[in-house]
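The structure under discussion appears below in the form of C-alpha cells.
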Amino acid sequence: MPLTKQDVAGIADYARIALTDAELDEMTAYLNDAIALLDPILEYELDDVEPTFHPIGELVNVVRDDVVAAGLPLEEALANASSRRGRSFRVPAILVDGGVA
Amino acid sequence: MRRLAEVLRDWEAVIGLEVHTELTTLETKMFCGCRLSHDDEPNANVCPVCLGMPGALPVPNERAIESIVMAGIATNCEIMRRSMFYRKHYFYPDMAKNFQTTQGPVAFCMHGRLDLEVSGIGAQERPDGTTERTADGSYVTPIRILRIHMEEDAAKMVHVGGGEGRIGGASESLVDYNRCGAPLIELVTEPDLRTPEEARLFMERLRQTFLTLGISDCSLEHGSMRCDGNVSLRRRGETELGTKTEMKNINSLKSLHDALEYEICRQAEVLEGGGRVYQETRHWEPSRRRTVAMRMKETADDYRMYPDPDLAPFDLSDEFVERCRARVPELPDAKRDRYVGSFGLRRADAAQIAGDPAVAALFEGAVAASRGGVAPTVANVVVNLLPGHVLSAAQVSGLSNLLADDAITFAQARELLEIVEGTDADPERVVDERGMRQSTDVGALETIVDEVLGRCADQVRQYRDGNRKVVGFLVGQCMKASKGTGNPKLFNQLLSQKLGE
Amino acid sequence: MMARLDTLPARQVAAGIAAGDFTAVEVARASLDAIAARDGQVQAFLQVSEELALAAATRIDAARAAGEPLPPLAGVPVAFKDNMNLLGTRTTCASRMLESYESAYTATCVQRMLDAGVIPLGKLNMDEFAFGSTTDSSAFHPTNNPWDTRRVPGGSSGGSAAAVAAGEVTVALGSDTGGSIRQPASLCGVVGMKPTYGVVSRYGVVAFGSSLDQVGPFGRRVEDVALAMSALVAGGRDRLDSTSQDCEQDYLAHLDDPIEGRAVGIIPALLEAEGLAPEVRAAMQEAIGKLAASGARIVEVDLPNMANSIAAYYALAPCEAFSNLARFDGVRYGYQEPGCTALSEQLSLSRAHGFGVEAKRRQMLGAYLLSSGVYDKYYLAAQKVRTLITADYQRAFAQVDAILMPSSPTVAWEHGSISDPAALYLSDIYTISSNIAGNCGISVPVCLGAQSGLPIGAQLQGRAFADATLLTFARALERACEMEGAVAPACAGKGGEL
Ligand SMILES: [Mg+2]
Ligand SMILES: [Zn+2]
C-alpha cells in the first residue's frame, strides 16, 4: 500500500521538516519510488540470518577511562548559536496556548 | 475522598517504579571526557560530543559500565553478556543530538529482584492475606526488577517569562548542557508493588543499595535520583490490569508515598463514581498535596529506536563480571544480619545503621575501638544520639564506653556530644576534666542514701503505703546530696533495696 | 631548478623541500597559484585557506632551518572535503544549514594529515551532506569535471576528485558511504581509495551513514594514496572513535611487491550487466588483460547478493542519515529561521529552509523506514541481507586477493542530464556493496574511453583490513596502464610553477 500524502505529512511533522503542499506531493511520489526500490529485500527468507548492525567483525567493549578531558571554552561552545542568553542557548516558547508549540 | 486504608480494602493498587540514578561518583560523562558537576555555571562542562557538534562521536566510560553491572549484581539481576546501545529519537533541545543514546531490548542487567521487608504501621497499608506475616504484622514481599539499562542524561532547561519557572506561559527557554550526557542508569520494576509504603520502602532500599555501592550520591532532592511511579487499580480478586497513570516530579521518599496515596484515592473516587481513569502523566504538587494532569498524549510516541552504529556492542566476559562482583561491598541486608548475629543489635537498629554506608562505617569503627560487648550501646548512640552531629569513630567509642559503664547518664551524653563535636577531644578525658564522671562507689553512695532516707520520713511512709513513684523524688534528693556525681541508676537500686527491707 | 607542482609526486615535494630545491612556502604559493588559475573553471573549492596554508608552510621551513627532521608529507599540498572539521575553517557540508558554521575542533583524519606535515589549502565541494553522486547538489555551486567542464566530476566527493585531477593539490581527502570516493575518482581520472571500515577515524567528519562512512585519500598516483594512508593510520586507533581500529603501518612497504601467481577475481555477470557503457566494458577487459600479463591469475568469483546491495543500502543509509542529521535544528549551530516565536515552528522551518531537497528526501525516507511496524520489514531485513553480502565477500576472498570491476557504469555525464534520483541511485551498483560489507576498495584510472576520451577507472576491492594488499594490486594495475600522474589536459600547465 503506497504512502498517502497524509502519511507523508505525518512523517514530516515528526522529522521537523516543514513542507509546502507542492513539496508534500513531490515527497510522496519520491518516497513511494524509493520504497519500491527496496522490494528485492522482501524476497529474502531471513528468519535464520543474524543482522549485521556493525560491519566491524569482532570489535566489542570499546571504552575509555573515566578521566576528565578539556572541553570547549564557553565562547567557543556558543560561537555557532544564532540565539543565546548569557551563558545559555536560547529557544523560543516550547508551549503555546497550553499545547505543544 | 476516602482514606487509603478503606480504599485498599476494596481495591488492589498495582504500582511500578522507574528510577533514574545519575552516577554522580564518576569523574566524567557517559560518552565524553567532560567533567561531571552539579553546581557549575551553565555550559561550563561541554565539548563537541555532548553538544552534538557535527562529526563528534561517543566513547563509553568504562567505569559507568562497571557501575551498572555492580548495580545489577546488587539487585540480583542477570548480567547480560551481550548488549548494545541504541538511539532513541525525539526532537527536543535538551538532547543535543535529538536522540538519546540508551539501550535496546537487552539491557546490561535484566530480571532482578529485591525482597522487601515491610513492618510497623506501614505494613498495615496492605490488607490482603496473601502475604505471610509475623506476629507483629510485618511481612516480606518479593519485587521483581524488569531491567536496569545505561543511558545518558538530558540538558537542563530554564523556562523564562512564565510563572515560577514553569514551561507553560514561558516566552523562552534557556538550555544548559552541563548535565547533557551525564551517565544515568534506569531501573524499571515489574508492577509488583501494592501499597505506597512498599513503593517508598523499595525506593529507600534502592537508595541504600546504590549508596553502599558508591555509584551515586542518590540525592532525590538534587535530582541525582529521580523516580516516576505508575499506578492502576483493580477490584480485589480481579487479575486484569486497570488503566494506569504515571506520576512525575517526585523529589522525596515522602512525596513518593503521598503522591501514590493521593493517586490511589483519586482513582478509586473516579472509578466508584462511574468515571474512567485516563492514561496520562500527572504532576505531583507537594505544596497542595495533589497530582494534576499534564498534557495527554494523543498517540504513542514512536522513538525510531535502532542500534547505534557508532558504538561497538558489549560482550561482557566472566572476568569482567567477576571483577565487578568483587567490587560489590557487603550490602545492607547482609550487614544488618551480621550486626544482629555478631553484635546482638536489635533488628531495627541494625537495619537503620546498615542502610547508610557512612553510618555503618562509623558504627563499625566505633565498635572496633570499644571493648567487647559495647556494640549495642554504640548502636544506641549512633541511632538515637548522633543524627545531626558529627563525631569520629573514636569519640563515639569513648561515649559508648562511658554509657556502658554507667559513668554518665544519657542526658550527660547529649551534653558531652555538644562539647566534643567538631574537636578531636576524647570524651573520657572531658568527663574527667569536668568532673562529670558519676560515682559508682557503692559504699559512698550507700552513706548518701541512708542520710536521705533518714531525713525524708514522710516519703518513706508514702512508699510503704504503696506509692512507688516517690522513689523518683528520693533519687533526686540523693543526686542533690552527691552534687550530681552519683549514678542515678545505682541510687535507684539502692533505694528500692533499702525501702523493700 | 624549475618544476611544475602538478607533475611532482608527494614524495618528491617532501624530498625537494628537504633538499632545499624549494621551500614549503614556495610550494604553498604554487598550489595557491594553481588554484587561482584553474579553480575558476573547475570550482572544486568552497574555501581556500591561504593563511593556514602559509602558516603551515612557514613552520615546515622553520623546522628545516632548525635542522629538525621533517615529517613524511612535509609541504605536500592537501585539501579536505567540506564535511571534515578543521579549526580556522568553516565546515559547511555544502549546505545552507552550515553555511556559516565555524569548525569547533579538528577532525582526527585532518589532524593526522597536518601532523604528517601537509599544507592545508582549504575545503572542497561536495554533494550536500554527501547525498549524491554528481556534486551538483551542493547548495553553493556545482563542481565541473576538469577533463570536460560541461560534465560532472561525480560525487559526493566531487570537489576532492576534481581538485586533484586539476592539479590544484597533490592529495585530497574524501569520504565514501556508497562509492563517494571511488566513483568521482573514476570520473576524474585519479586514484581514490575507500579503506576498510575502521581503518581511518571518523571523528570530526560529519556523519552520513555511521556504519558505512569511511574517509580515504585521492591522489594522482597510487604511491601518493599509500603515503596518505600511512599518515591517516599513524598513531594507531583513534581513542575518539569507538569503531576505529589499530592499523598503523607503512603502506609503501609492500607497494611494489609482484603480483605474479596471485589471484584477481572477476565477476563475469557484472561485466555483462545492462547499463554498463561499452567503452567501460572494454576498458575492464583491457585492464584484466594487463593484470594477467603482469602475472596475476584471473579467477571467476561470484557475489550472488551483490545485485541487491542497492536495495539494502537504501534501506540502511537513509535511516542512519535521518538519525545523524536530526541534530541540525538551528539551536546550537546551523541555520535558524528568524522571527519564530514557537520552538516547533523554529525547528521545522530551520530544517525546511536549511536543508536542500535531497537531504530532506533522505531524512524523510529514513524517518519512515525506522518507524514502528516498518523497521522490521526493511531496516532489520536489510541488516540481515548485509550479513549475506558480507558472507559472499568472505567466500570470494577465500579464493582471491582482489576483485576487479568497474567503479562506475559510465564515464562522466553532463550536468543535469540525469534528474531522476532513483536512476542516480542505481549508478552506485559497483561500489555500494563494499560499504555494506565494510571491506576496502580503490579506483585506479586505466585509460581514456574509446568513444568519449574521458577517463575510466577500474575498481579493485579487497578483503577487510587487507588494505596494503589492495594497494599492491592497485600499484600493479597502475604500472600496467601507464596513466600515472595524469593531470586533466585543460588544466595542466596553468599556474603552479615552482
Ligand atoms: Mg530512559
Ligand atoms: Zn562533553
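Chains C, R and F supply the protein sequences, listed in that same order. For the first sequence, our numbering gives the first residue as 1, with consecutive numbering after it. For the second sequence, our numbering gives the first residue as 102, with consecutive numbering after it. For the third sequence, our numbering gives the first residue as 603, with consecutive numbering after it. For every residue, glycine included, the Cβ atom is placed at its ideal position computed from N, Cα and C.
8 Å Cβ cutoff met for residue i and residue j
| i | j | result |
| --- | --- | --- |
| A110/C | A1076/F | Residue numbering for chain C in the displayed model covers 1 to 101; residue 110/C lies beyond these limits and cannot be assessed. |
| S1009/F | T989/F | no |
| V497/R | M326/R | no |
| A480/R | L446/R | yes |
| A833/F | C790/F | no |
| P755/F | T737/F | yes |
| Q380/R | T346/R | yes |
| L124/R | S317/R | yes |
| I244/R | T203/R | no |
| G806/F | G156/R | yes |
| A616/F | L654/F | no |
| A505/R | V483/R | no |
| P797/F | S759/F | no |
| M131/R | A283/R | yes |
| N907/F | D1030/F | no |
C-beta neighbour in chain C for residue i, strict 8 Å
| i | result |
| --- | --- |
| V393/R | no |
| P206/R | no |
| T813/F | Checking the sequence shown, residue 813/F turns out to be Ser, not Thr. Taking Cβ atoms only, chain C reaches closer than 8 Å to S813/F, which makes this a yes. |
| L951/F | yes |
| V147/R | yes |
| F820/F | no |
| N926/F | no |
| E370/R | no |
Interface partners of residue i on chain C, CB under 8 Å
| i | result |
| --- | --- |
| T129/R | D66, V67, V68 and A69 |
| I268/R | I94 and L95 |
| I174/R | Residues of chain C passing the Cβ test: none, with the nearest at roughly 18 Å. |
Cutoff 8 Å: residue i Cβ touching any chain F Cβ
| i | result |
| --- | --- |
| L24/C | no |
| H190/R | yes |
| P143/R | no |
| A461/R | no |
| P121/C | Because chain C here runs from 1 to 101, residue 121/C falls outside it and cannot be looked at. |
| D411/R | yes |
| D33/C | yes |
| A29/C | no |
| G153/R | yes |
| Y187/R | no |
| R405/R | yes |
Any chain R beta carbon closer than 8 Å to residue i
| i | result |
| --- | --- |
| R1111/F | The requested residue 1111/F is not part of the displayed model; chain F covers only 603 to 1100. |
| S782/F | no |
| E670/F | no |
| L842/F | yes |
| L95/C | yes |
| L972/F | yes |
| A909/F | no |
| Y981/F | yes |
Interface partners of residue i on chain R, CB under 7 Å
| i | result |
| --- | --- |
| P92/C | E273 |
| G806/F | G156 |
Closer than 8 Å at the beta carbon, the chain R residues around residue i
| i | result |
| --- | --- |
| G933/F | Per the sequence shown, the amino acid found at residue 933/F is Val instead of Gly. Neighbours of V933/F on chain R, chain order: P194 and V276. |
Residue i: contacting residues in chain C (beta-carbon distance under 7 Å)
| i | result |
| --- | --- |
| R136/R | V68 |
| I166/R | V63 |
| T989/F | V49, E50, P51 and T52 |
Within chain F, partners of residue i - CB distance below 9 Å
| i | result |
| --- | --- |
| D216/R | The contacting residues do not exist; D216/R stays about 36 Å from chain F at best. |
| D39/C | A913 |
9 Å Cβ cut-off: residues of chain C touching residue i
| i | result |
| --- | --- |
| K1096/F | Under the 9 Å cutoff, chain C gives no residues; its nearest Cβ is about 37 Å from K1096/F. |
Residue i: contacting residues in chain F (beta-carbon distance under 7 Å)
| i | result |
| --- | --- |
| A18/C | S950, L951 and A954 |
- Task: Taking only beta carbons into account, state which residues of the stretch 1021-1037 of chain F come closer than 9 Å to chain B, listed in chain order.
- Result: No chain B is present in this structure, whose protein chains are C, R and F.
Residues in the stretch 56-87 of chain C with C-beta within 9 Å of chain F's C-beta atoms, listed in sequence order?
Of all residues in the stretch 56-87 of chain C, only I56, G57, L59, V62, V63, R64, L72, E76, A77, L78, A79, N80, A81, S82 and S83 come within less than 9 Å of chain F when Cβ atoms are compared, listed by chain position.
Quick one: residues with CB closer than 6 Å to any heavy atom of ligand 1, in chain order, please. Any heavy atom of ligand 1 within less than 6 Å of a residue's beta carbon puts that residue on the list, which reads T203/R, E252/R and E287/R.
Kindly provide the chain-ordered list of residues whose Cβ lies closer than 6 Å to any non-hydrogen atom of ligand 2. One residue after another in chain order, those with a Cβ under 6 Å from a heavy atom of ligand 2 are G71/C, K130/R, C133/R, C135/R, V147/R, C148/R, V150/R, C151/R and G282/R.
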